[in-house]
């Protein structure tokens, strides 16, 4: 309804008996997302990967996390989506960042493996009873908030049309032609003055 083509790439929990926590499923998820986005029309600047997780800790919060190497697009993506998520879930704290204390999210799997603009949204805390109740009680509002955040992100993207590019080229060509004409006139004057 908002003009966004999206695909969901779910992953199973890495908590099965005998499994190590090596992010195997997240690597596979990102690879599938990269492959799918490569088949979609439009330039790379119109494509994005959004990871939606829940976070640990007792503090009620929503975090928008982005890799600094993709500023300003990833930062804008994180901010647009996180604000709406916080409103939908009513979490107490909202923050967007690429580092938090000693934690550098630029080294995390989501930041390293994505080939497109990417952000990680920690929707809420799964250790906070109020947050989890809001998460399961407001799924429709949450989905709408994420879609609206994505729509806001793309609405802020500069839209460059072929006509605008052509006009810019013509303007530069006209300016260059004027500069050349002025240089030729100056050269003719200098020749005539025998300088």
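Residue numbers (this note's numbering): 126 to 320.
Each residue gets a CB set at the ideal place from its N, CA and C atoms; glycine is no exception.
Note that the coordinates shown come from a computational prediction; the quantities given were computed from them, not determined experimentally.
Review point. Taking the Cβ atom as the reference point for each residue, do residue 209 and residue 129 lie within a distance shorter than 8 angstroms?
Key: no
**Study point:** Residue environment, residue 218, which counts as buried when at least 16 other CB atoms sit within 10 Å
**Key:** exposed
Practice item. Assess, as a yes-or-no matter, whether the stretch 166-177 is touched by the stretch 218-227 under the definition of 3 or more beta carbon pairs within less than 8 angstroms. Key: no
Review point. Excluding five sequence neighbours on each side, which residues of the same chain lie with their C-beta closer than 6 angstroms to the C-beta of residue 362?
Key: The structure shown does not extend to residue 362, since the chain is modelled only from 126 to 320, so the question has no answer here.
Check your understanding: How many angstroms separate the CA atom of residue 263 from the CA atom of residue 136?
Key -> 21 angstroms
Point to revise | Residue(s) in a DSSP beta bridge with residue 246 | key: 177, 189
Review point. Within this structure, are the beta carbons of residue 248 and residue 178 separated by less than 8 angstroms?
Key: yes
Practice item. Could you pull out every residue in the same chain whose Cβ sits closer than 7 angstroms to the Cβ of residue 189, ignoring the five residues on either side in sequence? Key: 203, 204, 206, 207, 221, 244, 246
**Study point:** Host alpha helix (DSSP H) of residue 80 (start-end)
**Key:** The structure shown has nothing for residue 80, since the chain only spans 126 to 320.
**Study point:** 8 angstroms Cβ cutoff met for residue 184 and residue 242
**Key:** no
Check your understanding: Is residue 201 near residue 281, with beta carbons less than 8 angstroms apart?
Key -> yes
Review point. Going by alpha carbons, who is nearest to residue 269 out of 230, 214, 255, 252?
Key: 214
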